[in-house]
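Just so we're aligned: the sequence shown equals residues -20 to -1, 1 to 248 in mature numbering (1 follows the signal peptide of the UniProt record, and there is no 0).
A virtual CB, placed ideally from N, CA and C, is assigned to each residue, including glycine.
Scroll down for the structure; my scribbles are underneath it.
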Amino acid sequence: MKMLLRVALALGLVSGLSVAGRADEPLKISTSAGPIGQLVGFAAKLAKEKGQDVKVVELSDWVAINEVVNSGDVDANLFQHATYLALQNKQRGYNFVQVDKVGVIAPVGLFSKKIKALDEVKEGASVAIPNEPLNGARGLILLERAGLIKLTPGKGFSVSKFDIIENPKNLKIVELDPAQTYRSLDDVTLALVNITYLIPAGGDPKSALIIDRTIDDGLVLRFTARADKKDNPKLKAFIEVFKSPEVKQFIEEKLPAFIPAGFDTKAS
């Protein structure tokens, strides 16, 4: 209930004050707090210069970011990729679609406060990975790339800890909420941390012992809306602003850990 109240306050949706559906109401975009929120906020400023009013709603709870789109309180969001979206559509009964090909890839990496190199990992060390299937799989794949485990071949991003077929150091895999893996670094030897959580927590992407910058269409964070709202002209106008060279330059200069995707290659 407290979380829902915070969402309502963030959106200005106090009972009796909602003016949903007014033609002059701004486009509302929900996003994750931190670097993605900064990116959407920058695009919103560009849109304002072009005469379009865009309200950016930053939330820390991934469920809430989708729920406010599903309820119609906001028009779309930017924080998730196609693989995560497919899982949410299935588990929560959403009918969400990606609206355009433009977006960014948020890398993940293995970080530590206890060791300086992967060859320092000791017998029985604890490793935290997200309990969310895709990023958990990315963590396991990084552990395999680091030579610490071997996985059942051919499963790609569908691997889980049950697919570990060799674990010579007897690593203990600890599954945590994605937002908690960075905080777990005081307790575990290694943790798989998504850059979208690392940067707001004060972490440095350059400190990763190994980082995954895989270019995969299923990993691109893109604008997402309900299927019946995907043709919203305000949303499409804002996405055209987002596709601008200025936004691509912002990513490259201000968010260098992120990988721009779907931008015109001639635009920079």
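Helix, strand or coil at residue i [DSSP, three-state]
| i | result |
| --- | --- |
| K130 | strand |
| I191 | strand |
| L235 | coil |
| A117 | helix |
| K8 | strand |
| N46 | helix |
| L151 | coil |
| G1 | With a pLDDT of only 48 at G1, under the threshold of 50, the placement of this residue in the model should not be trusted, and no figure is reported. |
| F218 | helix |
| T176 | helix |
| F230 | helix |
| A171 | strand |
| A27 | helix |
| A205 | strand |
| K186 | helix |
| residue 254 | What is shown of the chain runs -20 to 248, which leaves residue 254 out entirely. |
| D166 | helix |
| S248 | No answer about S248 holds up, because its pLDDT of 42 lies below 50 and its placement is not dependable. |
| G14 | coil |
Nearest residue (CA-CA) to residue i, options the options
| i | options | result |
| --- | --- | --- |
| G14 | I175, A205, F243, K28 | I175 |
| residue 249 | R72, Q78, N69, K234 | Past the edges of the chain, shown from -20 to 248, lies residue 249, and the structure says nothing about it. |
| N147 | K186, E233, E103 | E103 |
| L90 | D80, P213, R125, V43 | R125 |
| L58 | V36, T132, E112 | V36 |
| I219 | V34, Q18, V168, N115 | V34 |
| I231 | I16, D197, P6 | I16 |
| G242 | S138, V227, A171, D53 | V227 |
| K72 | D143, H61, E47 | Lys is not the amino acid found at residue 72; the sequence shown has Arg there. Comparing Cα-Cα distances from R72 to each of D143, H61, E47, the minimum goes to E47. |
| K81 | K209, P213, D196, L128 | D196 |
| L39 | Y177, D211, D167 | Y177 |
| G127 | I145, G134, P225 | I145 |
| T194 | G134, G119, Q229 | G119 |
| G198 | T63, D211, L165 | T63 |
| E5 | L172, D41, G31, Q18 | G31 |
| S51 | P133, K209, L165, L156 | K209 |
| H61 | G134, S12, K186 | S12 |
| S187 | S224, K135, I95 | I95 |
| K149 | A105, G21, I85, F22 | A105 |
| P240 | N212, I153, W42, I85 | I85 |
Sheet register partners of residue i (DSSP bridge)
| i | result |
| --- | --- |
| A241 | G83 |
| L156 | P110 |
| V139 | Answer by DSSP bridge pairing: none, since V139 is not bridged. |
| K35 | K8 |
| E146 | K130 |
| V200 | I85 |
Within 7 angstroms, strictly: CB atoms of residue i and residue j
| i | j | result |
| --- | --- | --- |
| S92 | I45 | no |
| T161 | P110 | yes |
| V139 | L151 | no |
| K8 | V54 | yes |
| G83 | V200 | yes |
| V107 | L170 | yes |
| F203 | A56 | yes |
| E112 | P180 | no |
| F142 | L114 | no |
| L122 | D192 | yes |
| residue 249 | L189 | The structure shown does not extend to residue 249, since the chain is modelled only from -20 to 248, so the question has no answer here. |
| A205 | N75 | no |
| S164 | L156 | yes |
Next item on the list: Starting from the N-terminal side, write out each stretch of the alpha helix (DSSP H) that is 4 residues or longer and does not extend beyond the region 55 to 104.
Entry: 62 to 72
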